[in-house]
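Quick note on numbering that gives the first Met the number 0: the sequence shown kicks off at 0 and runs consecutively.
Just so you know, even glycine gets a beta-carbon here, dropped at the ideal spot from N, CA and C.
All values derive from a computational prediction rather than experimental measurement.
Let me begin by presenting the structure, written as C-alpha cells, before commenting on it.
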Amino acid sequence: MTQTSENVTWLTQEAYNKLKAELEYLTGPARAEISAKIAAAREEGDLRENGGYHAAKEEQGKQELRVRQLTQLLESAKVGEAPAADGAVAPGMVVTIAFDGDEDDTLTFLLASREYASSDIETYSPQSPLGTGVIGHKVGEDAEYELPNGKKAQVKILKAEPYEG
C-alpha cells in the first residue's frame, strides 16, 4: 500500500485513484461551495463581526491545506501492487506482534501511512520506530526497535497479511 522513503510514497492503484478523486473534488465542487459560502456571508455586512464569514474562511484554509497535501503526495507517488502474502512484513500489511515473545501481550496494527488510517485498526507508519524495526522480517522471526527512551524492545512477528480494507 504505502511505503514512504525520503521522496517516494508507494500506493496501490486503488489508493491512488481514491486520493486523486478526493483532490479532484476539493479543487472542483468543494472550492465552488466554499466560494459561495464566503460570498453569501460577505453580503451579510460587517465582516469584523460576521461569524459565518470567518467560519467559511477557516474552512477554506483547511481545504486548501488538504489540497496541497494531496498534490504533494500524488506528485511523489509510485503506483505498485499490494504486498505479497508471503509472510514478510511490508507496508500495506496487517501485522500481529508479541512483545518480548509473550504471546499474551500482542498488538495487531496496519503498517501504512495515515492515508490508510482507519478507526477499525491501529495504524503505524513504516517510518515509525516499530515500523522500521519489523519491515522485512518474516512470521516467526524476532525483530528489534528503539523506544523513545533509547532502549531496545524485542518483538516476535506472529502474523503478516495484506490489508483488505
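- Query: Counting along the chain, where does the beta strand (DSSP E) carrying valine 93 start and finish?
  - Reply: Here residue 93 is taken as the residue at index 94 of the sequence shown, counted from 1. Following the DSSP letters along the chain, one finds valine 93 inside the beta strand (DSSP E) bounded by residues 92-98.
- Task: Taking only the alpha-carbon atoms, compute the straight-line gap between leucine 18 and alanine 35 and give it to the nearest angstrom.
- Result: As a position in the sequence shown, residue 18 is number 19, starting the count at 1. As a position in the sequence shown, residue 35 is number 36, starting the count at 1. Taking the straight line from one Cα to the other gives about 25 Å.
- May I have the straight-line CA-CA distance separating glutamate 102 from phenylalanine 108, to the nearest angstrom? Residue mapping note: residue 102 aligns to position 103 of the sequence shown, counting from 1. Residue mapping note: residue 108 aligns to position 109 of the sequence shown, counting from 1. Taking C-alpha positions only, glutamate 102 is separated from phenylalanine 108 by approximately 15 Å.
- 7 Å Cβ shell around asparagine 49 - same chain, five flanking residues per side excluded: For the purposes of this step, residue 49 is taken as residue 50 along the sequence shown, with counting starting at 1. Apart from the 5 residues on each side of it in sequence, asparagine 49 sits with its Cβ closer than 7 Å to the Cβ of Ala40 and Glu43 in its chain, given in chain order.
- Message: Residues in the same chain with beta-carbon distance under 7 Å from alanine 142, minus the five sequence neighbours each way, listed in chain order, please.
- Response: Residue mapping note: residue 142 aligns to position 143 of the sequence shown, counting from 1. Gly132, Val133, His136, Val154 and Ile156.
- Item | Continuous beta strand (DSSP E) stretch holding valine 66: start and end | One-based indexing of the sequence shown puts residue 66 at position 67. Element bounds for valine 66: not the beta strand (DSSP E) but the alpha helix (DSSP H), 50-74.
- Message: Within 10 Å of its beta-carbon, does valine 78 have 16 or more other beta-carbons around it, so buried, or fewer, so exposed?
- Response: Taking the sequence shown and counting its residues from 1, one reaches residue 78 at position 79. For valine 78, the number of other beta carbons within 10 angstroms of its own is below 16, and it is reported as exposed.
- 7 Å Cβ shell around glutamate 58 - same chain, five flanking residues per side excluded: As a position in the sequence shown, residue 58 is number 59, starting the count at 1. So the qualifying residues of the chain are Ile33.
- Query: With proline 161 and alanine 84 assumed to form a contact (beta carbons below 8 Å), what rounded beta-carbon distance in angstroms separates them?
  - Reply: Translated into the one-based positions of the sequence shown, residue 161 becomes position 162. Translated into the one-based positions of the sequence shown, residue 84 becomes position 85. Confirmed, Cβ separation roughly 5 Å.
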